[in-house]
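So the structure is just underneath, and the comments pick up after that.
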Amino acid sequence: MSEFKRTTVTAALIYANGPIHIGHLAGCYLPADIYVRFLRLQNKDVIFVSGTDEHGVPITIKAQKEGKTPQEVVDYFYKEIKQSFEDFGISFDIYGRTSDPVHHKISQDFFLKLYQEGKFIEEVTEQYYDEEAGQFLADRYIVGECPSCHQPGAYGDQCEKCGSTLSPNELINPKSTLSGSAPSLRPTKNWFLPLDTWQPELEKYVASHPEWKPNVSGQVKSWLNDGLKPRAMTRDLSWGVPVPIEGNEGKVLYVWFDAPIGYISMTSQLRPDWEKYWKDKDSRIVHFIGKDNIVFHCLIFPAMCMAHGEYQLADQVPANEFMNLEGDKISTSRNWAVWLHEYLKEFPGKQDVLRYALTASSPETKDADFTWADFQTKNNSELVAILGNFVNRVFVLLDKNFESKVPAKLEDSVLEKDLKQALSEIPDKLAAALEGYKFRDALVYAMEVARLGNKYLAEAEPWKLMKENPEKAGHVLNYAIQLVSHVSLALEPFLPFTTQKLRDALGIEKADWSLLGDFDSVPVGTVLKNPGLLFEKLEDDVIQKQVDKLNQTKQQMLLLSKQPNPIKETIDFESFAKMDIRIGQVIAAEKMEKSKKLLKLSVDDGIRQRTILSGIAEHFQVEEVIGRKVTFLANLAPRKMMGLESEGMILMAEGQDGKLSFIQPDSGIWNGASVS
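In terms of the UniProt record's numbering, the sequence shown is residues 1 to 676.
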């Protein structure tokens, strides 16, 4: 890093079509924030940029589903997402949006420069067109049978059942999601970036970064080995950044062309000297992303920048793998997620608990799994029992015995010498882990400061020394409070809310990395303010409530995905006319002994009372059915069941959850009325 004067850190632009969940946080936003906070601790020149991606098909699909305009959708989610990040302590210098006019202008200027310099290939290709809707169809607006697994409803870009990557023309019996009709192929003109032309330069670029994480370099090299092909940089859509070429109305910039330029356009709104953060050779660019964005940030955006000629390429792209939830893939469509805005409401003041749990289980090299049981363990056994316990013991002893003031030191004993030696090894290890994007390891090193504190207190026993040697006890507690200040520095990138409380308690105005290891950073006589308990134990019922919430979500999604039974074979009218369906009323009911399912019903059919045995005992109590109007099949041949003869069949409807409901007429229908 020594050759760079400044660092531009970006975190992936998220689609403004839904709220933030823990997968987003663990994937790139929390690691990026940790890294930026570490650089700021060292007084490095760094800017942290992100925002919402407000163009592309996911936005228009969301708008269509909700009966809103795309602008209404992105306005709502931009505000919600931005607020959630702020409340969680993600410390962006700017959080922008790609629907901003400034972004449109910079994206169009970028495109025009490439266009005017002949960097694009202009091609006419055939694309699917919906005649009824009167528009070309993006991949996600086309569904059909998957050619690989033959699952119906596969999208034009991917089958969600088997995971195959598809193109619309591979689908069997494709249909438009807009009208439901079969689309036709129409010629259309678009501009392509010839990635194959830039492949040699891209290969050199990738080869110059052997330090990239294996998951990043592996995916990129796989694409390069397959051979890059020209990729369209424009689309036939109504929502997006308009193509700035006269006579091309109805065409917009490809979302993956304009989205990464968003980092640049947002930086331009941050400060007047923004260009040096993107164009100067001594500026370092680091993209934090999830693994699904690797190709765009390591090949397509670099090729765009190469073609433009003025922008620096990323030095690092530390992409994470995916965070799963309770053993299952996080899914917005299935509502299988822990949503950040809900967490912040249900766990007020516990941002750092989630930050800690996600960092400790970060999917840095492979997919990881978040569970509420592990979340509880991390809180109770580590934050409460180690960090919170150490800090609380120190402040309680100082409040009780030294009027909340930092006491004087004496001559160091072996304990203090050993403590200093142990602590001296932490800063370099911690810094190396953070600089190497190994945030799980870094968190372990940072927490080691609190572990050393507990070990030191246990060995020095200042509570015993108070009786026989109060000055020695004060000496120990001086060292202990210095360790608290070290905790506030080492954990600042990870637990910013907690470390701010500690700095307030210690009277420290600003965190400074250089003070990590300084055992005089809190002067003798400083009046301390006890921060109280930093963390509280999470009881089983609190965690079980979250587990139950997820289980309820899973049940709801299973119900929503349940399909009606197939229609039975066609019958002629004469067969239907043979059925005598009538309305009756239940006069009496009783449970059948030795049967869980059957109720014995006495039904007034308008002519007489008949006995019908119905398998509804698991759905209704006896008192619930007496007096009900019912629909029944009157001319069903009598059937003997459990020694009794049943004279008909009650007709019921089954809900998605399997619960039965009576088919009842409106009021005023007499017993014996025929149903036809």
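Yeah, the Cβ is synthetic: ideal placement off N, Cα and C, and Gly gets one too.
Only counting the same chain, and skipping five residues up and downstream in sequence, which positions put a Cβ closer than 6 Å to that of residue i?
| i | result |
| --- | --- |
| Val206 | Val220 |
| Ile508 | none |
| Phe4 | Asp282 and Arg284 |
| Val216 | Ile294, Val317 and Ala319 |
| Ala442 | Leu430, Ala433 and Leu434 |
| Gln42 | Trp513 |
| Val57 | Ala138 and Arg140 |
| Phe92 | Phe48 and Ser50 |
By the DSSP assignment, the beta strand (DSSP E) with residue i in it spans what residues?
| i | result |
| --- | --- |
| Glu645 | Leu644 to Ser646 |
| His287 | Ser283 to Phe288 |
| Glu126 | Ile121 to Asp130 |
| Trp191 | Ser184 to Leu193 |
| Ala11 | Arg6 to Ala11 |
| Thr234 | Thr234 to Asp236 |
| Asn173 | Ile172 to Ser176 |
| Glu3 | Glu3 -> no beta strand (DSSP E), and no H or E assigned at all. |
| Asp53 | Val46 to Asp53 |
| Val143 | Ile142 to Glu145 |
| Ile94 | Ile94 to Arg97 |
Can you round the beta-carbon distance between residue i and residue j to whole angstroms, since I take them to be within the 8 Å contact cut?
| i | j | result |
| --- | --- | --- |
| His486 | Leu516 | 6 Å |
| Ile587 | Ser575 | That belief does not hold up - the Cβ atoms of Ile587 and Ser575 are roughly 32 Å apart, past 8 Å. |
| Pro531 | Leu502 | 6 Å |
| Ala138 | Leu237 | 6 Å |
| residue 678 | Pro523 | Outside the shown range of the chain, which is 1 to 676, sits residue 678, and nothing can be said about it. |
| Pro260 | Phe288 | So it is not a contact: roughly 13 Å between Cβ atoms. |
| Pro70 | Tyr128 | Not a contact, Cβ separation roughly 21 Å. |
| Phe370 | Ile34 | Rounded, the Cβ-Cβ distance is 17 Å, inconsistent with contact. |
| residue 727 | Gly89 | Since the displayed the chain opens at 1 and closes at 676, residue 727 lies outside it and no answer follows. |
| Arg610 | Gly648 | 6 Å |
| His55 | Val243 | Incorrect: roughly 13 Å between the Cβ atoms, too far for contact. |
| Pro19 | Glu72 | About 16 Å separates the two Cβ atoms, so there is no contact after all. |
| Ser179 | Asp130 | 6 Å |
| Trp460 | Leu415 | The identity of residue 460 in the sequence shown is Ala, whereas the question assumes Trp. About 6 Å; that satisfies the 8 Å criterion. |
Quick check on the DSSP output: the alpha helix (DSSP H) that includes residue i runs from which residue to which?
| i | result |
| --- | --- |
| Asn215 | Pro214 to Asp226 |
| Ala32 | Leu30 to Leu41 |
| Phe111 | Pro101 to Gln116 |
| Gly453 | Phe439 to Ala460 |
| Pro427 | Ile426 to Glu435 |
| Tyr78 | Pro70 to Phe88 |
| Asp504 | Pro496 to Leu506 |
| residue 728 | This structure gives no information on residue 728, because the portion of the chain shown stretches from 1 to 676. |
| Thr60 | Val57 to Glu66 |
CB-CB under 7 Å to residue i, same chain, minus the five flanking residues each way: which ones, in chain order?
| i | result |
| --- | --- |
| Tyr343 | Leu354 |
| His24 | Ile14 |
| Ala303 | Leu193, Leu195, Trp198 and Leu202 |
| Arg393 | Leu457 |
| residue 680 | What is shown of the chain runs 1 to 676, which leaves residue 680 out entirely. |
| Lys279 | Glu310, Tyr311 and Gln312 |
| Asn469 | none |
Flag residue i as yes if its beta-carbon sits less than 8 Å from any beta-carbon of chain C, otherwise no.
| i | result |
| --- | --- |
| Met304 | Judged by its chain identifiers, the structure shown contains no chain C, having just a single protein chain. |
Please return the same chain residues whose Cβ sits closer than 8 Å to the Cβ of residue i, not counting the five positions on each side in sequence.
| i | result |
| --- | --- |
| Ile106 | Ile261, Ile264, Ser265 and Ser268 |
| Ser595 | Ala617 and Met642 |
| Lys659 | His619 |
| Phe402 | Gly474 and Leu477 |
| Ser167 | Asp139, Gly156 and Asp157 |
- request: Could you tell me whether the stretch 184-198 touches the stretch 120-138, using the rule of 3 or more Cβ pairs below 8 Å?
  value: Judged by Cβ distances under 8 Å, the stretch 184-198 makes contact with the stretch 120-138, as three or more pairs qualify.
- prompt: Taking one C-beta from the stretch 532-546 and one from the stretch 373-387 each time, how about it: are there three or more such pairs within less than 8 Å?
  reply: Of all C-beta pairs linking the stretch 532-546 to the stretch 373-387, three or more are shorter than 8 Å, placing the two stretches in contact.
query: Whole alpha helix (DSSP H) runs in the stretch 509-576 with 4 or more residues, listed along the chain?
result: Segments of the alpha helix (DSSP H) lying fully in the stretch 509-576: 540-561.
message: Counting beta carbon pairs with one atom in the stretch 73-87 and one in the stretch 159-167, are three or more of them shorter than 8 Å?
response: No contact exists between the stretch 159-167 and the stretch 73-87.
- request: Mind listing, in chain order, the continuous alpha helix (DSSP H) runs of no fewer than 4 residues lying wholly within the UniProt domain "TRNA-binding" (575-676)?
  value: Those alpha helix (DSSP H) runs which fall completely within the UniProt domain "TRNA-binding" (575-676) and span 4+ residues are 622-625.
query: Does the count of Cβ pairs from the stretch 320-335 and the stretch 293-303 closer than 8 Å reach three?
result: The answer is no - the stretch 293-303 does not touch the stretch 320-335, with fewer than three Cβ pairs under 8 Å.
message: Runs of 3 residues minimum, wholly inside the stretch 245-326: which ones carry the beta strand (DSSP E) assignment?
response: 251-253, 283-288 and 323-325, all fully within the stretch 245-326.
field: Inter-stretch contact (C-beta, 8 Å, three-pair minimum) for the stretch 450-457 and the stretch 415-435
entry: By the C-beta criterion, the stretch 450-457 is judged to be in contact with the stretch 415-435, since at least 3 inter-stretch pairs fall below 8 Å.
query: Residue ranges of each beta strand (DSSP E) run of no fewer than 3 residues wholly in the stretch 320-394, ordered along the chain?
result: Counting whole runs of 3 or more residues, the stretch 320-394 contains the beta strand (DSSP E) stretches 323-325 and 368-370.
- prompt: So does the stretch 455-468 actually touch the stretch 364-372, counting three or more Cβ pairs closer than 8 Å?
  reply: By the criterion of at least three beta-carbon pairs nearer than 8 Å, the stretch 455-468 is not in contact with the stretch 364-372.
- prompt: Any chance the stretch 401-413 sits against the stretch 464-483, with 3 or more Cβ pairs inside 8 Å?
  reply: As far as the Cβ criterion goes, the stretch 401-413 touches the stretch 464-483, which means the pair count is three or higher.
query: Does the pairing of the stretch 630-637 with the stretch 646-658 give three or more beta-carbon distances under 8 Å?
result: Because the criterion of three Cβ pairs below 8 Å is met, the stretch 630-637 and the stretch 646-658 touch.
query: If we count Cβ pairs, one from each stretch, closer than 8 Å, do we get three or more for the stretch 588-608 versus the stretch 638-647?
result: Result yes; three or more Cβ-Cβ pairs closer than 8 Å.
message: Contact between the stretch 135-154 and the stretch 168-183 is defined here as three or more beta-carbon pairs at a separation below 8 Å; is this criterion met?
response: When Cβ pairs closer than 8 Å are counted between the two stretches, the stretch 135-154 is seen to touch the stretch 168-183, the count reaching three or more.
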